[in-house]
Amino acid sequence: MSAQAAPAPVAPPRRSVPEAVRRRASVAGLLATAVALGVAELVAGALGTRSLVVAIGDAVIDRTPGWLERFAISTLGTADKPVLLAGILVLAGLFGAGLGRLALTRLPLACAGLVAFGALGVAASLTDARTDPAEAVAAAAAGAVAGVSALVLLTRAAAPAAPARSIDNDPTLFARRRFLALASASAAVGVLGAAGGRLLAAPRLNRVREAITLPRPTATAVPLAPGAGLDVEGLTPLRVPNAEFYRIDTALLVPEVDPGGWSLEVRGLVDRPFTLTYDELLELATVEGDVTLACVSNEVGGGLVGNARWQGVPLRDLLERAGVQPGATQIIGRSVDGFTAGFPVELGLRPGTGPGDVGALVAVGMNGEPLPQVHGFPARLVVPGLYGYVSATKWLSAIELTTFDEEGYWIPRGWSRKGPVKTQTRIDVPRTGTVPAGRQPVAGVAWAPSRGIERVEVRVDDGPWQEARLSDSLGVDAWRQWVWEWDAAPGAHTITARATDGTGEVQTTRVAPPAPDGASGLHSLRVVVA
Ligand SMILES: Nc1nc2c(c(=O)[nH]1)N[C@H]1C(S)=C(S)[C@@H](COP(=O)(O)O)O[C@H]1N2
Ligand SMILES: [Mo]
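Next comes the structure, spelled out in structure tokens:
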């Protein structure tokens with residue numbers, strides 16, 4: 145299209161467009177984009193398909209280099225996702241504002257820009273097998289139609305055809321009011337559409353989840369007698385409630401997996417691959433046990449670790465049914481969201497030995513409930529002794545027997561191929577940097593999943609190591625609470641703790657950062673006794 149080909153459709157030549165009109169045109173384009181996004185969200189929510197904005201975000205995450213993703217996680221933590229979402233929205237807004245200005249002289253081209261934006265959303269959606277292409281196209285088309293309509297109306301209102309009656313000097317203020325009314329309506333459609341879409345998407349799955357009754361486990365976890373945990377204020381409970389359990393995942397929004405349409409495939413280097421529906425999985429014998437899950441990104445003293453009572457089908461049962469071939473060395477868990485994590489075949493085949501050692505599980509329950517959506521509903525892997533990034537695939541869709549030629553999600557991003565959890569101790573109490581003099585509990589948790597915790601010791605300044613009292617053991621895979629009574633003398637002190645695992649090995653004093661295979665070193669705390 146050339147500038148001379150046709151007279152500008154709605155505005156006088158560019159040079160004479162007043163700045164105020166161009167500003168309004170930017171607002172018009174921004175709001176038309178908001179309308180497009182809002183309507184697309186609403187339709188996606190109503191159809192139960194994935195949000196196009198989220199699809200774009202996930203596509204960005206998948207293409208992010210490992211160093212940048214690590215940097216984002218270490219600087220932004222769990223806020224990395226909202227920051228990315230906000231970034232996408234800001235970029236969309238800038239793009240929209242540009243389209244608005246373009247619309248002043250090239251309305252059809254600006255409309256095509258909105259359509260192209262919708263096409264980008266569809267393209268991003270299609271990179272994910274979960275998304276029904278027809279539904280993605282429907283959501284994008286609805287958004288594009290609404291956005292184009294809004295752009296046409298808003299552009300006309302922003303720059304009325306006759307310059308003499310342009311809204312800058314219209315004494316009746318009619319044009320200005322019309323623009324403001326249209327602008328407010330567009331903003332409302334954008335915001336309400338997005339909110340409505342989210343609301344439609346979330347509760348349906350919650351109702352499905354709440355209607356599920358898990359079968360009784362054939363083997364139960366070590367019973368947690370009332371009072372088995374130590375009663376120290378501020379100390380983390382032996383079993384962290386689901387709502388407080390730490391959460392780490394790469395997906396921009398938590399996958400919403402309807403168990404009705406879900407199935408689990410066991411495949412790869414096996415003699416008899418098979419697929420189970422959710423109901424079929426629940427018909428198999430399940431066991432229950434306490435397993436402490438830890439994230440490799442957890443700093444010494446950090447909170448990315450938790451213990452829960454998991455219920456699930458022993459992975460070994462599924463592998464025996466499939467018949468693992470001799471060439472298989474790695475078990476990869478694949479998620480519906482594309483995430484993968486792999487660990488040695490031996491760990492999947494190792495039988496549990498009893499309530500305090502259940503072995504690897506395809507978990508369906510967490511602390512007596514169906515898995516919460518954020519923790520992998522309807523099913524996830526739990527492999528005692530390994531960091532989550534090499535084992536604990538949430539929203540599990542397939543268990544694939546393969547070799548170590550294939551790399552799980554985090555391996556090419558700079559993390560170690562194997563990820564056994566390092567023995568660690570965390571001091572939880574005292575929580576504050578200042579405590580009164582006199583008798584004080586010093587308390588915390590210590591974990592060495594698959595090896596167990598035998599002893600925890602505490603030291604004040606350079607004093608001798610003093611043995612702490614441990615909570616009852618919930619098995620080798622679960623953390624233990626510990627407490628030591630300190631007779632605190634006034635002054636500034638450093639408290640340090642260390643654990644000894646079930647093999648008799650004292651945790652290392654070597655200080656290491658989380659990358660590439662987990663942080664190490666002793667946790668210590670500076671306390672002022674007043
Ligand atoms: N699908 C999927 N599963 C995943 C992850 C993920 O990003 N996506 N993160 C893993 C990591 S790094 C950890 S530490 C654990 C965390 O499990 P939680 O969120 O239930 O605590 O899940 C693992 N499973
Ligand atoms: Mo992790």
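Take the position in the sequence shown, starting the count at 1, then add 144; the result is the number in my numbering. Note that beta-carbon positions come from the ideal geometry of N, C-alpha and C, so glycine has one too.
Can you list, in chain order, the residues of its chain whose CB lies under 6 Å from that of T473, leaving out five sequence neighbours each side? Position 329 of the sequence shown, counting from 1, holds the residue named residue 473. Cβ-Cβ distances below 6 Å link T473 to V489, T547, F548 in the same chain, with the five nearest sequence neighbours on each side left out; the list follows chain order.
By DSSP, does D645 sit in helix, in strand, or in coil? As a working note, residue 645 is residue 501 in the sequence shown. Three-state DSSP puts D645 in a strand.
Quick one: what's got a C-beta closer than 6 Å to P593's C-beta in the same chain, skipping five residues either side? The count along the sequence shown starts at 1 and reaches residue 593 at position 449. Excluding sequence positions up to five before and after P593, its CB lies within less than 6 Å of the CB of T436, P528, G529, V565, D621, all in the same chain and listed in chain order.
Comparing alpha-carbon positions, which option in A438, R575, V401 lies nearest A587? To locate residue 587, count along the sequence shown from 1; it is residue 443. It is R575.
List in chain order: all unbroken beta strand (DSSP E) runs of 3+ residues lying wholly within the stretch 482-524. Qualifying beta strand (DSSP E) stretches, in chain order: 484-488, 505-510.
Classification of W211 by the beta-carbon crowding that lies within 10 angstroms, buried from 16 upward: Translated into the one-based positions of the sequence shown, residue 211 becomes position 67. Classification of W211: exposed, given that the 10 Å Cβ count is below 16.
Under the criterion of a Cβ to heavy atom distance below 7 Å, does R391 qualify as lining ligand 1? Walking along the sequence shown from the start, residue 391 turns up at place 247. Result yes, Cβ under 7 Å from ligand 1.
Near A632, which residues of its chain fall below 8 Å by C-beta distance, leaving aside the five closest residues on each side in sequence? Position 488 of the sequence shown, counted from the first residue, corresponds to residue 632. Excluding residues within five positions, the ones whose Cβ falls inside 8 Å are V579, P580, A581, G582, R583, Q584, V671, V673.
Counting only the same chain and skipping the five closest in sequence on each side, list residues whose C-beta sits under 7 Å from that of S330. Reading the sequence shown from its first residue, position 186 is the one you call residue 330. Within the same chain, Cβ atoms closer than 7 Å to the Cβ of S330 are found at L175, A176, A178, V179, A294, L298, the five residues on either side in sequence being excluded.
Could you name the residues of the same chain whose beta carbon sits closer than 6 Å to that of S664, not counting the 5 residues immediately before and after it, in chain order? Looking up residue 664 in the sequence shown gives position 520. In its chain, beyond the 5 residues on either side, K566, T652, R654, A656 have a beta carbon closer than 6 Å to the beta carbon of S664.
For the pair the stretch 547-563 and the stretch 603-618, tell me if three or more CB-CB distances fall below 8 Å. No, because fewer than three Cβ pairs between the stretch 547-563 and the stretch 603-618 fall closer than 8 Å, the two stretches do not touch.
A184 to A190 span [Cα, whole Å]: Taking the first residue of the sequence shown as 1, we reach residue 184 at position 40. Taking the first residue of the sequence shown as 1, we reach residue 190 at position 46. Cα to Cα, the separation comes out at about 10 Å.
Buried or exposed (CB count within 10 angstroms, at least 16 for buried), V234: Along the sequence shown, one-based indexing puts residue 234 at 90. With fewer than 16 Cβ atoms within 10 Å of its Cβ, V234 is classed as exposed.
Touching or not, the stretch 431-450 and the stretch 497-504, by the rule of three or more beta carbon pairs under 8 Å? Counting C-beta pairs with one atom in each stretch, the stretch 431-450 and the stretch 497-504 have three or more that are closer than 8 Å, which means they touch.
Decide if the stretch 194-214 is in contact with the stretch 252-272; the criterion is three or more beta carbon pairs, one per stretch, under 8 Å apart. Touching, per the Cβ criterion.
Just how far apart, CA to CA, sit V335 and G182? Numbered from 1 along the sequence shown, position 191 holds the residue referred to as residue 335. Numbered from 1 along the sequence shown, position 38 holds the residue referred to as residue 182. Straight-line Cα distance between these residues: approximately 6 Å.
Check: G471 C-beta below 7 Å from any heavy atom of ligand 4: Annotation note on ligand 4: not contained in the displayed structure, which lists ligand 1 and ligand 2 as its ligands.
Within the present structure, is the beta-carbon of V527 separated from the nearest heavy atom of ligand 2 by less than 7 Å? Taking the sequence shown and counting its residues from 1, one reaches residue 527 at position 383. No; taking the cut-off as 7 Å, the Cβ of V527 has no heavy atom of ligand 2 nearer than that.
Can a CB atom of chain D be found closer than 8 Å to the CB of A355? Protein chains in the displayed structure number just one, and chain D is not present.
Flag this pair as touching only if the stretch 622-631 and the stretch 410-420 have three or more C-beta atom pairs under 8 Å; answer yes or no. Verdict: no, contact absent.
Span of the alpha helix (DSSP H), counted from its first residue to its last, around S170: In the sequence shown, residue 170 corresponds to position 26, counting from 1. From DSSP, the alpha helix (DSSP H) with S170 extends over 163-191.
Check W211 in the structure and name its three-state DSSP category. Against the sequence shown, residue 211 aligns to sequence position 67. In the structure shown, W211 falls within a helical segment according to DSSP collapsed to helix, strand and coil.
Where the alpha helix (DSSP H) containing D423 begins and where it ends: Translated into positions along the sequence shown, residue 423 becomes position 279. From DSSP, the alpha helix (DSSP H) with D423 extends over 422-427.
Quick check: the Cα distance between V526 and E544, rounded to an integer number of angstroms? Position 382 of the sequence shown, counted from the start, is the residue given in the question as residue 526. Position 400 of the sequence shown, counted from the start, is the residue given in the question as residue 544. Distance from the CA of V526 to the CA of E544, rounded to the nearest whole angstrom, comes to 15 Å.
In whole angstroms, what is the alpha-carbon distance linking T357 and D423? The sequence position of residue 357 within the sequence shown is 213, counting from 1. The sequence position of residue 423 within the sequence shown is 279, counting from 1. Each residue's Cα considered, the two are about 11 Å apart.
Separation of A429 from L374, as counted between CA atoms: On the sequence shown, residue 374 is found 230 positions in, with the first residue counted as 1. On the sequence shown, residue 429 is found 285 positions in, with the first residue counted as 1. Cα-Cα distance, rounded: 33 Å.
Could you name the residues of the same chain whose beta carbon sits closer than 7 Å to that of L186, not counting the 5 residues immediately before and after it, in chain order? By 1-based counting over the sequence shown, the position of residue 186 is 42. Counting only Cβ-Cβ distances below 7 Å, and skipping sequence neighbours, we find G337, G340, G341.
Give me the Cα-Cα distance between P381 and V292, rounded to the nearest whole angstrom. If you number the sequence shown from 1, residue 381 lands on position 237. If you number the sequence shown from 1, residue 292 lands on position 148. If you draw a straight line from the Cα of P381 to the Cα of V292, it comes to about 55 Å.
Rounded to a whole number of angstroms, what is the C-alpha to C-alpha distance between E354 and V449? Counting from one through the sequence shown, the residue named residue 354 turns up at place 210. Counting from one through the sequence shown, the residue named residue 449 turns up at place 305. E354 and V449: Cα-Cα distance of roughly 26 Å.
Span of the alpha helix (DSSP H) around T473: In the sequence shown, residue 473 corresponds to position 329, counting from 1. That residue, T473, is in no alpha helix (DSSP H); it is neither H nor E in DSSP.
Where does D202 sit, in a helix, a strand or coil, going by DSSP? Taking the first residue of the sequence shown as position 1, residue 202 is located at position 58. Three-state DSSP puts D202 in a helix.
Going by other Cβ atoms of all chains shown within 10 Å of its Cβ, with 16 needed for buried, is L666 buried or exposed? For the purposes of this step, residue 666 is identified with residue 522 of the sequence shown, where counting begins at 1. That one is buried.
May I ask you to report which of helix, strand or coil DSSP gives T652? Here residue 652 refers to the residue found at position 508 when the sequence shown is read from its first residue. Three-state result, T652: coil.
If you follow the alpha helix (DSSP H) that G287 is in, where does it begin and where does it stop? Working through the sequence shown from its first residue, we reach residue 287 at position 143. Boundaries of the alpha helix (DSSP H) harbouring G287: 277-302, taken from the DSSP string.
Residue nearest to T638 in terms of C-alpha spacing, selected from A507, V573, V468: Within the sequence shown, the letter at position 494 stands for residue 638. For the residues A507, V573, V468, the minimum Cα distance to T638 belongs to V573.
Which residues bound the alpha helix (DSSP H) around S269? Here residue 269 refers to the residue found at position 125 when the sequence shown is read from its first residue. Segment 251-270, the alpha helix (DSSP H) holding S269.
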